[in-house]
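First up is the structure itself, then whatever we jot down about it.
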Amino acid sequence: MRVWFLLFLLLGSSALADVEPREARVQAKGDGRYLIDVTVGNPSGNTARKPITVKLFIKAPEDKVWRQMAIWTDFVRDLPPHSAETRQFDSVLQGHQHAAFEKGKFEMRVEAMSANKKVSSKVFSYP
Numbered sequence: 005m006r007v008w009f010l011l012f013l014l015l016g017s018s019a020l021a022d023v024e025p026r027e028a029r030v031q032a033k034g035d036g037r038y039l040i041d042v043t044v045g046n047p048s049g050n051t052a053r054k055p056i057t058v059k060l061f062i063k064a065p066e067d068k069v070w071r072q073m074a075i076w077t078d079f080v081r082d083l084p085p086h087s088a089e090t091r092q093f094d095s096v097l098q099g100h101q102h103a104a105f106e107k108g109k110f111e112m113r114v115e116a117m118s119a120n121k122k123v124s125s126k127v128f129s130y131p
C-alpha cells in the first residue's frame, strides 16, 4: 500500500505546472487606460526552468472569444522554488485597446508555462 502511495505522489506531482498565475491587479488610469500587474509564482519545491512564458488574454464578460493582449518571455533567470515575479501591461503603451476597456468591466486570463511545457491558467475579473 505504501509503495502505491509513494508512486502516486511521485507521478502525480510531476504532472503539476511549476509556474502558475497568482494574481492580476488592475489600476484604472482614466480614458480607457489600464495598468495590469500580472504575478506568476512557482509553488513547487523545484526550480522552474527557462524559457518561462506568460500570456495575458482579455474579454468582455459577455464575449466568448479571448484576445491575447501581451506575452512576456523576458525572464532572465530560472524561477526559484516558492518565489514570484510580476510583469506589467499598459493598455496605452502597448497599443492594445479592447472594447471591454471602454466599458470598464472585463475578464483576464493569465497562462503561464516553463520549460516543462505544462500550462497553468487562471481567470480574474475586473472590477
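Residue numbering for the sequence shown follows our numbering, starting at 5 and increasing by one per position.
Even glycine gets a Cβ: it sits at the ideal position worked out from N, Cα and C.
All values derive from a computational prediction rather than experimental measurement.
Shortest alpha-carbon distance to Ser-124 belongs to which of Ile-40, Gln-101, Val-114?
Looking at the Cα atoms, Val-114 is the closest of the given residues.
Alpha helix (DSSP H) segment containing Glu-106, residue limits:
Here the alpha helix (DSSP H) through Glu-106 covers 103-107.
Would Phe-105 and Glu-89 qualify as a contact pair, given that the criterion is a beta-carbon distance under 8 Å?
No, they are not a contact pair.
Buried/exposed call for Gly-3, threshold 16 Cβ in 10 Å:
Lying outside 5 to 131, the shown extent of the chain, residue 3 is not represented and no answer is given.
Residue range of the unbroken beta strand (DSSP E) whose run includes Trp-76
Boundaries of the beta strand (DSSP E) around Trp-76: 71-76.
Helix, strand or coil for Leu-20 per DSSP?
In the three-state DSSP reduction, Leu-20 falls in the coil class, being neither helix nor strand.
Contact belief for Met-117 with Phe-128 at Cβ below 8 Å, rounded distance in angstroms
In this structure Met-117 does not touch Phe-128 by the C-beta definition: roughly 18 Å separates them, more than the 8 Å allowed.
Lys-54 versus Leu-83 - alpha carbon distance
Cα to Cα, Lys-54 sits roughly 8 Å from Leu-83.
Exposed or buried, what is Val-69 when buried is set at 16 or more other beta-carbons lying within 10 Å of its beta-carbon?
By the 10 Å Cβ count, Val-69 comes out exposed.
Beta strand (DSSP E) segment containing Gln-92, residue limits:
For Gln-92, the enclosing beta strand (DSSP E) starts and ends at 88-94.
Can you list, in chain order, the residues of its chain whose CB lies under 6 Å from that of Ser-87, leaving out five sequence neighbours each side?
Leaving aside the five residues that flank Ser-87 on each side, the residues in its chain whose CB is nearer than 6 Å to its CB run, in chain order, Asn-46.
Let me know the secondary structure DSSP gives Val-80 once reduced to three states.
Val-80: coil per DSSP, three-state reduction.
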